[in-house]
Amino acid sequence: MTGAPLLETRGLSKTFVSRTLRSRSSVRAVDDVSFAVLAGQAVGLVGESGSGKSTVARLIARLERPTAGQILLDGRDVIAAERHRASRAYRHQVQMIFQDPFSSLNPTHTVGYHLRRSVRIHGTAGDLTRDEAVQAVLRDVRLDSVPGIADRYPHELSGGQRQRVAIARALAARPALIVADEPTSMLDVSVRVGILNLLGSLREDRDIGLLLITHDLGSARYSTSHTLVMYAGRILESGPSSDLIAAPQHPYTKLLVGSVPRRGGVRAPVDEQASGAGQPAPAAGCPFAPRCPARLSQCDTVMPGQTWLAESRWVRCHLFGPGGSRPDPLQTGREVAH
Amino acid sequence: MTRPLSVLRRFVLAGYTRLTASRKAVFGALVILCLILVALLAPLISPGNSQAVVGPENLPPSAAHLLGTSGQGNDVFAQLVWGTRNSLAVGFVTGVAIAFVGVAIGLSAAFFGGWIDNLLTLLMNIFLVIPGLPLLVVMAAFLPRSTWSVIFVLAIAGWAGSARVIRAQALSVVRRDYVAAATVVGERPLRIIVSEVLPNLSSLIATVLFGAIGYGIGALAALQFLGLGNLSTVSWGTILYWAQSDSSLLQGTWWQFIPAGVLLTLACTATSMLNFAIDEITNPRLRTTRDRVNFMVRLARRRREQPHAA
Amino acid sequence: MQPSHRQPDDAVLEVAGLNVTFGSAHGPVHAVSDVSFAIGRGEVLGLVGESGSGKSTVAHAVLRLLPPSARCTGAVSFRGQDVLALSGAGLRKYRWEGVSLVMQGAMNALNPVSTIESQIVDVIRAHRHVSRREARASVPELLELVSIDPARRGSYPHELSGGMRQRCVIAIALALRPDLVVMDEPTTALDVVVQRSIMDEIDRLREQLGFSVLLISHDLDLVAERASRLAIMYAGRLVETGPAAEVVTSPRHPYTEALLASTLPVDGSEDRVTELPGRPPDLTTPPAGCAFFPRCTKAQPGHDKELPLLRAVGPGHEVACHLYEQTEVVT
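Residue numbers (my numbering), protein chains in the order written: chain W, 284 to 621; chain F, 3 to 312; chain Y, -3 to 327.
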């Protein structure tokens, strides 16, 4: 289907239910999430821990099954077509990088093994032998200068090197989309930029889409062109990265941006009430209402819909009106007919 | 550039060095090896039929009969030597069977989760709750008297403990990111179980194996002592059975039961020692300072001898 | 080595020439080499470094929490007392009444089967001879101090959010009103919003109770915001120390510059962002010269031959770098 985005989610939801003998509790980790990633585009999904962003990543990587909603790859509804298990074709298109560079590599296997498997499963060696293909992908992630790297075990590498191996493994499958779940949060500060630069250059050279999950606004701003802000399973604001971070509209986004330590020392004061956290999200209405300094009466009962502020910029907040148009994942500002 | 073979050699060297540095491991391994040798060389050590009547009953140890004669007139030493075969063989086979079943069931329960896990755990719990020895007795009483049914009975009574241990550890391994990563890369479930999860349980499986072998040797002897084993074979357990039925304890003919008891104890202790040693190798907190010093000194020495391999 | 030339009369903690070496299978690891600094009353000193820089080891050395295989030389004195020579009752008094510690990931180290009240009571009774009732009486005040509702004293750690658990840990650290609190990555596992409220809380408590803080982190911006002075560590050594604002706006050491340049700003000044390739050196064989040499963009031949010494480049501002050879050595 031409013109369709590379990846699109519509109303994606995931509810975790825990059943004990006496009680049953459910947590809506992801609630009605809709967005799109175009080929070669980098989209950032920003939120705190518990916001559901990692669950979104796992849903797209098909490690979990959504409770509701659709995932479309190149316009094709993936969940409907492959209900129980992701097909090899899907795995070929969508790869994932995990947060912890140590636990994402099997300690009993060498670097070469990890990469060979990826090449073998997806048959991406082409004219090269498998070992040559492994060397090629190591070159792509700039690890070829490390002597004997293919025969090393993960524990012999630094955090940054391991994360490059994880990227190489994803790359060896020649995917169209890479989902990166906090790829730099467990790395040293001086190493983070290198990894983000690597992802950026790979994206540009090969037109790979990137969904970057992070809690660090600075990374989102640096690496992505479009950012979505997530809170308690819902997307509250969406827009071009630099614009959204420079001029946040939603009270939660303002709180996030205002809490980042500033070098200059100049900071906007943060509302006291908003800092008090720890309460579970209410069942109805806006999940941020209990902490919001600008809370209105309808915030407790009605979930605000989308309000478009500009082309590809929208916010879900009663301060901007009740909204209500169906979310347009392409972020183009047009009403979606349905 | 290091080749895979030299990487393997390095790994084996470190493992061997660790094992030999641990006094427990050395003791256990030596004892087991000696017993295996005895079993293999039985025809050389004590030629002839061990169940033949060679003289008057209840003779004390002498030059002609190193450990005297039994209540039936058999040479006790010959019985002991030949009996090692049965005891060790059945013990090993039982151990391997239990480890195999335990790993298969424990891994499946952990990996698949859901109703499969619930069902298998229920099964494990049932077999754990049923008292072992009575179960052994009841099953042995019903089944035909052969070595294979003995192995079967021992395995049925003993698999659940190993399965539970494997399942517990596998549960934590299955939740690691590298298993999820393997799924995302596109590996099939069976391949993930065998190639990703299993290698990370290898030390636990080794421990379970040695524990099961020790159990096999001991429980076999218990069954045979109660007269429920295959009485036509010669084994440490049957020696004890005949000693009991011939009232050796009352008669004071100690050579008819003490040597068999000693060998049994040695064998089980040796497997336990190997068990602990493997635990120590994999769990650094259990290592003693002496083992550590030994290991470091030896590794340094070996590295000096083979600098290119280090 | 000599201690820093800045010796405030009211120095709460003075560290001079601290060296810490660990034994390992590959040989001795020189985790900390020749580190000297002083913390004054009510002051916040920020110790910044990445993994392997030795900053956590310094914290453990100050509290005498190093493992038995560690060799520690140098001088650590707390209000004139030699810390490294303490033992028995003196050591127990020093720990927690003199200096307390908020460890990395401490909020996950709270005993999961014990209420926060009983954990606070345990700490109090471990150091002071008071009855259980007396200890329990001081719990509500302590919880209020860290803005936790005293009604939650009977809660278990898993019933509290990450931020509240960290506040509990801080309450435990302040239970005996120490003069110095060492905080090792106090907000790393927390979200930026909670992080800010915790740091604000610490500032408020510091003003209220007057204790000093040794704040250890890899987040330069976070530390620069809260500390009056910074000390940057690399490969076990101090490479730059000075007033926080000055170090951050005009860094001298190339590593400090690289660190500043690799943080991703939120305010759009990302033209300054550059990569820092390579890795810190292996501390089992520390290099003879400058440890940062292989990764330094301003390196000159010969810098790797000799160890650079800390030299003053401004009031209270010192750098250990051969590029600043012209200035005087710190005595």
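Heads up, the beta-carbon is just placed ideally off N, CA and C, and yes, glycines get one too.
Exercise. Can you find a CB in chain Y that lies within less than 8 Å of the CB of Pro570 (chain W)?
Worked result: no
For this session: Compute the Euclidean distance between the alpha carbons of Ser502 (chain W) and Ser213 (chain Y), then round it to the nearest angstrom.
Result: 19 Å
For this session: Return the CA-CA distance between Pro(-1) (chain Y) and Asn15 (chain Y), expressed in angstroms with no decimal places.
Result: With a pLDDT of only 38 at Pro(-1) (chain Y), under the threshold of 50, the placement of this residue in the model should not be trusted, and no figure is reported.
For this session: Mind listing, in chain order, the continuous beta strand (DSSP E) runs of no fewer than 3 residues lying wholly within the region 350 to 414 of chain W?
Result: 351 to 356, 377 to 380
Exercise. CA-CA distance, His318 (chain Y) and Pro304 (chain Y)?
Worked result: 6 Å
For this session: Alpha carbon to alpha carbon, how far is Asp427 (chain W) from Ile158 (chain F)? Give it in angstroms, no decimals.
Result: 53 Å
Exercise. What does Ser193 (chain Y) pair with, by DSSP beta-bridge criteria?
Worked result: Answer is none; Ser193 (chain Y) lacks a bridge partner.
Problem set entry | Secondary structure of Ile491 (chain W), DSSP reduced to three states | coil
Exercise. Can you tell me whether DSSP reads His318 (chain Y) as helix, strand or coil?
Worked result: helix
For this session: Using a Cβ cut-off of 7 Å, pull out every chain F residue sitting near Leu321 (chain W), in sequence order please.
Result: In chain order: nothing, as chain F lies at least about 22 Å away.
Exercise. DSSP on Thr293 (chain Y), reduced to helix/strand/coil?
Worked result: coil
Problem set entry | Gly238 (chain Y) vs Arg222 (chain Y) beta-carbon contact at 8 Å | no
Problem set entry | Beta-ladder partner(s) of Ser508 (chain W), from DSSP | According to DSSP, Ser508 (chain W) bridges with nothing at all.
Exercise. In chain order, what residues of the same chain lie with their CB nearer than 8 Å to the CB of Lys294 (chain Y), ignoring the 5 residues before and after it?
Worked result: Pro250, Leu319
For this session: Return the residue from the list W:Arg486, W:His601, W:Thr467, W:Ala593 that minimises the CA-CA distance to Leu622 (chain W).
Result: As shown, chain W starts at 284 and ends at 621. That puts residue 622 (chain W) outside it, with no answer to give.
Problem set entry | Cβ of Arg178 (chain F) within 8 Å of any chain W Cβ | yes
Problem set entry | Simplified DSSP assignment, three categories, for Phe571 (chain W) | coil
Exercise. Hey, how far is the Cα of Ser468 (chain W) from the Cα of Trp161 (chain F)?
Worked result: 44 Å
Problem set entry | Extent of the continuous alpha helix (DSSP H) to which Gly213 (chain F) belongs | 204 to 227
Exercise. For Thr209 (chain F), is the classification buried or exposed, using 16 other Cβ atoms within 10 angstroms of its Cβ as the cut-off for buried?
Worked result: buried
Exercise. Is Glu203 (chain Y) buried or exposed, if buried means 16 or more other CB atoms sit within 10 Å of its CB?
Worked result: exposed
Exercise. With DSSP run on the structure shown, which of helix, strand or coil describes Thr536 (chain W)?
Worked result: helix
Exercise. What residues from the region 338 to 357 of chain W come within 8 Å of chain Y, judged by C-beta to C-beta, listed N to C?
Worked result: none
Problem set entry | Bridge-paired residues (DSSP) for Pro276 (chain Y) | None, per the DSSP bridge assignment.
For this session: Indicate whether at least one CB of chain W lies closer than 8 Å to the CB of Leu127 (chain F).
Result: Checking the displayed sequence, the identity of residue 127 (chain F) turns out to be Asn instead of Leu. Judged by the 8 Å Cβ criterion, Asn127 (chain F) is not in contact with chain W.
For this session: Can you give me the start and stop residues for the beta strand (DSSP E) that Ala227 (chain Y) sits inside?
Result: 225 to 230
Exercise. Which residue from F:Ile168, F:Ala269, F:Trp256, F:Leu37 puts its Cα closest to that of Ser205 (chain F)?
Worked result: F:Ile168
Exercise. Exposed or buried, Ile35 (chain Y), counting other C-beta atoms within 10 Å across all chains shown (16 or more means buried)?
Worked result: buried
Problem set entry | chain W contacts made by the region 192 to 224 of chain Y, where a contact means CB separation under 9 Å | Arg192, Ser193, Met195, Asp196, His214, Asp215, Leu216, Asp217, Leu218, Val219, Ala220, Glu221, Arg222
For this session: Give the DSSP-derived three-state secondary structure of Met99 (chain Y) in the structure shown.
Result: coil
Exercise. Would Gln226 (chain F) be called buried (16 or more neighbouring beta carbons within 10 Å of its own) or exposed?
Worked result: buried
Exercise. Pick from W:Thr393, W:Ala416, W:Arg457: whose alpha carbon is nearest that of Gly431 (chain W)?
Worked result: W:Thr393
Exercise. Can you tell me the Cα-Cα spacing of Ile260 (chain F) and Val56 (chain F), whole angstroms?
Worked result: 21 Å
Exercise. Taking the DSSP output, what are the residues bridged to Pro250 (chain Y)?
Worked result: Bridge partners of Pro250 (chain Y): none, in fact.
Exercise. When you compare only the Cα positions, how much space is there between Ala245 (chain F) and Phe129 (chain F)?
Worked result: 32 Å
For this session: Taking Ser317 (chain W) as part of the alpha helix (DSSP H), name the residues at either end of that continuous run.
Result: Premise fails: Ser317 (chain W) lies in the beta strand (DSSP E), 307 to 320, not in any alpha helix (DSSP H).
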